[in-house]
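Student: All residue numbers for the sequence shown refer to UniProt numbering, where the first residue is 1 and numbers rise by one. The beta-carbon is built from N, C-alpha and C at its ideal position, and this holds for glycine as well. Note that the structure is predicted; figures quoted are calculated from it, not measured.
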Amino acid sequence: MTSQGEDPDQERYRRGLPDHHDPTSGVGGAPPARSALTLRLILADVGLVAGILLALWAWRVDAPWWMIALPALLAVTAAADLVVVIRRKRRGEPG
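(1) Could you check whether the Cβ of residue 50 sits closer than 8 Å to any heavy atom belonging to the ligand GDP?
(2) Quick one: what's got a C-beta closer than 7 Å to residue 35's C-beta in the same chain, skipping five residues either side?
(3) So, is residue 85 buried or exposed, given that buried needs 16 or more other C-beta atoms within 10 angstroms?
(4) Can you tell me the Cβ-Cβ gap for residue 55 and residue 75, rounded? I've got them flagged as a contact below 8 Å.
(5) Less than 9 Å between the C-beta atoms of residue 82 and residue 45, yes or no?
(6) Using three-state DSSP, classify residue 81 as helix, strand or coil.
(7) Using 9 Å as the threshold, is the C-beta distance between residue 71 and residue 53 below it?
Set out below in structure tokens:
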């Protein structure tokens with residue numbers, strides 16, 4: 001039963017997704033596999049900051065355009081991943 005302000009998906013994730021099979025469950029006493037959303041969130045943060053700083057540094061030293069575009073692309077990719085991970089965590093997915 002969900003409370004008034006709770007997303008119905010959160011209850012679904014607590015119970016487990018249908019048709020999900022974890023091949024490692026029960027092998028050697030291993031715990032059930034969980035999503036690493038928090039780790040992915042931290043790595044995306046690091047990638048965003050590193051990409052911005054590297055792009056700014058390359059621009060400051062008048063590097064070729066591709067040396068500015070490459071870390072900028074990393075920053076854009078990390079920002080997109082941040083949006084996806086935050087959305088999934090707000091939905092109540094474990095990790």
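Tutor: Taking the structure as given:
(1) The model depicted lacks the ligand GDP and carries no ligand whatsoever.
(2) One-based indexing of the sequence shown puts residue 35 at position 35. Scanning its chain for C-beta atoms nearer than 7 Å, with the 5 sequence neighbours on each side dropped, one finds around residue 35 the residues 93, 94, 95, in chain order.
(3) Stepping through the sequence shown from its first residue, residue 85 is reached at position 85. It counts as buried.
(4) In the sequence shown, counting from the first residue as 1, residue 55 sits at position 55. In the sequence shown, counting from the first residue as 1, residue 75 sits at position 75. Confirmed, Cβ separation roughly 6 Å.
(5) Taking the first residue of the sequence shown as 1, we reach residue 82 at position 82. Taking the first residue of the sequence shown as 1, we reach residue 45 at position 45. Going by C-beta atoms, residue 82 is nearer than 9 Å to residue 45.
(6) As a first step, residue 81 is located in the sequence shown; it is residue number 81 there, counting from the start. Assignment of residue 81 by DSSP, reduced to helix, strand and coil, places it in the helix class.
(7) Your numbering for residue 71 matches position 71 in the sequence shown. Your numbering for residue 53 matches position 53 in the sequence shown. In contact: residue 71 and residue 53 (Cβ atoms closer than 9 Å).
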